[in-house]
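A.B. asks: For reference, each letter of the sequence shown is one residue, going 14 to 307 in this note's numbering.
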Amino acid sequence: MFGKWFDKLKKALNPTKIGFFKFFVKDENVWDEIEEAFINTDVGIETALKIVEELRNSSVKPEGLRNALKGKISSILGTQVAGLNFSPGVPAIFLFIGVNGSGKTTTIGKLAFKLKQEGKSVLIAAADTYRAAAIPQLEEWARRCGVEVLKQQEGADPGAVVYDAIDAAIARNIDVVLIDTAGRLHTKQHLIHEMKKIRGICEKKIPGAPHEVLLVLDAVSGQNGLIQAQSFLETVGISGIVLTKLDGTAKGGIVISIADKLNVPVKIIGIGEGLEDIGEFNPIEFVEALFEEE
Ligand SMILES: Nc1nc2c(ncn2[C@@H]2O[C@H](COP(=O)(O)OP(=O)(O)O)[C@@H](O)[C@H]2O)c(=O)[nH]1
Ligand SMILES: [Mg+2]
14 MFGKWFDKLK KALNPTKIGF FKFFVKDENV WDEIEEAFIN TDVGIETALK IVEELRNSSV
74 KPEGLRNALK GKISSILGTQ VAGLNFSPGV PAIFLFIGVN GSGKTTTIGK LAFKLKQEGK
134 SVLIAAADTY RAAAIPQLEE WARRCGVEVL KQQEGADPGA VVYDAIDAAI ARNIDVVLID
194 TAGRLHTKQH LIHEMKKIRG ICEKKIPGAP HEVLLVLDAV SGQNGLIQAQ SFLETVGISG
254 IVLTKLDGTA KGGIVISIAD KLNVPVKIIG IGEGLEDIGE FNPIEFVEAL FEEE
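1) List the endpoints of the continuous beta strand (DSSP E) containing leucine 227.
2) Roughly how many angstroms separate the alpha carbons of glutamate 161 and glutamine 130, rounded to a whole number?
3) Would you mind working out which of Gly196, Ile86 and Asn70 sits nearest asparagine 113, comparing C-alpha positions?
4) Quick one, which of Gly102, His224 and Gly266 has its alpha-carbon nearest leucine 26's?
5) Going by beta carbon distance, what residues of the same chain come within less than 6 Å of isoleucine 179, once the five residues before and after it are set aside?
6) Checking the sheet assignment: what are the DSSP bridge partners for leucine 303?
7) Express the C-alpha separation of phenylalanine 34 and leucine 78 in angstroms, rounding to a whole number.
8) Thinking C-alpha only, which one of Asp170, Phe99 and Gln166 is nearest valine 135?
9) Quick one, are the C-beta atoms of isoleucine 269 and leucine 256 less than 9 Å apart?
10) Using DSSP bridges, identify the partner residues of phenylalanine 109.
11) Starting from isoleucine 137, follow its DSSP beta bridges and name the residues at the other end.
12) What residues in its chain sit with their C-beta under 6 Å from that of isoleucine 64, if we drop five residues either side in the sequence?
13) Can you list the residues near ligand 2, meaning Cβ strictly closer than 7 Å to any non-hydrogen atom, in the order they appear in the chain?
14) Measure from the alpha carbon of aspartate 141 to the alpha carbon of each residue in Lys123, Lys117 and Trp154, then state which is nearest.
15) Does valine 279 come out as helix, strand or coil in the three-state DSSP assignment?
16) Per DSSP, threonine 257 is paired with what?
17) Would you list the one or two residues that DSSP bridges to glycine 292?
18) Can you tell which of Ala173, Phe19, Ile281 and Gly102 has its C-alpha closest to the C-alpha of arginine 185?
19) Can you tell me where the alpha helix (DSSP H) holding asparagine 53 begins and where it ends?
20) How big is the Cα-Cα spacing for isoleucine 187 and phenylalanine 107?
21) Would you give the residue range spanned by the alpha helix (DSSP H) that proline 28 belongs to?
22) What does the Cβ neighbour count give for aspartate 55, buried or exposed, with the cut at 16 atoms within 10 Å?
23) With a threshold of 16 other CB atoms inside 10 Å of the CB of glutamine 241, please say whether the residue is buried or exposed.
24) Three Cβ pairs or more, each shorter than 8 Å: is that satisfied between the stretch 281 to 295 and the stretch 248 to 262?
25) Given a cut-off of 9 Å on the beta-carbon distance, is the pair threonine 60 and leucine 303 in contact?
26) Would DSSP call aspartate 170 helix, strand or coil?
27) Going by DSSP in three states, glutamate 131 sits in which element: helix, strand or coil?
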């Protein structure tokens, strides 16, 4: 389990780790220090207070603190890998949503590559028709991993693109359709409405679709991302979270916050801009990477 990917993950989590374990160099006010470290790494106030409270009451000794903390975090994250929901016999439809710049297009590029390596056939649907640059960016990713993009002209109705893409996928026996969509804030009613429409088109074309509605969240957005997720969950409905940019941020504690506060699993993480910088979120691996001593 612990190969090249694990090393990369460890490196990505380093800033979070540094923030996290600062308190170990001090011996006074250790609880305040832990609390502060948790809040700085975006574990979130409520979750931080809860963990500290429980540790405090457990009368753990200083030398046992690291392990006790590891145990607490493990129990919040659980042990389950929440895999992607594929659908034997019909194309699996994965819808990607999120605000501008969160990493939707990049995630689709990386995931297309990964799925292809796993032997699946992939079609990408260019349903971000708002920005001129969106389609070429997607085509560049598709070219790199050798998959096809279904597109229409800029400004086209995204619903029509999705409609065509699903038809094409059924006709060609495609395993997975990855649908890129325009960036949308959870507060913009018309865009939320449009997303519900796209969702409806998927449902109509294939019973049970979309098989995943993945909210792409930038780890750097920290606690703000949690609010976004809650809102998307209530309006559009989401089946999982893709947490991007876990590399180079000290806010990796957001993973713990999401697990504690949201009823939606993190399914995929992004730890860089390269083709292979994507993986399933495995909570056991995550905790090991965070706590492994150098
Ligand atoms: N470091 C890092 N950068 C990322 C990651 N995912 C996306 N990005 C970068 O974030 C920026 C926005 O990504 P993009 O996919 O265009 O976002 P979109 O607007 O949601 O489609 C780009 O510069 C990406 O290279 C990641 O996991 N790590
Ligand atoms: Mg995009």
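For each residue, glycine too, the CB sits at the ideal point set by N, CA and C.
C.D. replies: Taking the coordinates as given:
1) Leucine 227: member of the beta strand (DSSP E) spanning 225 to 231, first to last residue.
2) Rounded to the nearest whole angstrom, the C-alpha separation of glutamate 161 and glutamine 130 is 15 Å.
3) Each of Gly196, Ile86 and Asn70 was checked against the Cα of asparagine 113, and the nearest Cα belongs to Gly196.
4) The option with the nearest alpha carbon to leucine 26 is Gly266.
5) Setting aside the 5 residues that flank it on each side, isoleucine 179 is surrounded in the same chain by Lys218, each with a C-beta closer than 6 Å to its C-beta; the list follows chain order.
6) Answer by DSSP bridge pairing: none, since leucine 303 is not bridged.
7) Looking at the two C-alpha atoms, the distance is approximately 11 Å.
8) The shortest C-alpha separation from valine 135 is found at Phe99.
9) Not closer than 9 Å, so no.
10) Phenylalanine 109 is bridged to Leu227.
11) BP columns for isoleucine 137 point to Val162 and Leu191.
12) Once the five neighbours on either side are set aside, the close Cβ partners of isoleucine 64 are Lys85.
13) Residues with a Cβ closer than 7 Å to any heavy atom of ligand 2, in chain order: Lys117, Thr118, Asp141, Ala147, Gln150, Asp193 and Gly196.
14) Among Lys123, Lys117 and Trp154, the Cα nearest to that of aspartate 141 is on Lys117.
15) In the structure shown, valine 279 sits in a strand (DSSP, three-state: E or B).
16) DSSP, once it has assigned bridges, lists Asp231 as partnering threonine 257.
17) Ile282, per the DSSP bridge assignment.
18) Here the closest residue by C-alpha is Gly102.
19) Element bounds for asparagine 53: 43 to 53.
20) Approximately 13 Å, taken between the alpha carbons.
21) The continuous alpha helix (DSSP H) containing proline 28 extends over residues 27 to 33.
22) Buried: at least 16 other Cβ atoms inside 10 Å.
23) Counting C-beta atoms within 10 angstroms of its own C-beta, glutamine 241 has 16 or more neighbours from the protein chains shown and is therefore classed as buried.
24) Short answer: they touch.
25) Going by beta carbons, threonine 60 and leucine 303 fall outside the 9 Å limit.
26) Shown here, aspartate 170 sits in coil according to DSSP, grouped into three states, outside any helix or strand.
27) Correct three-state label for glutamate 131: coil.
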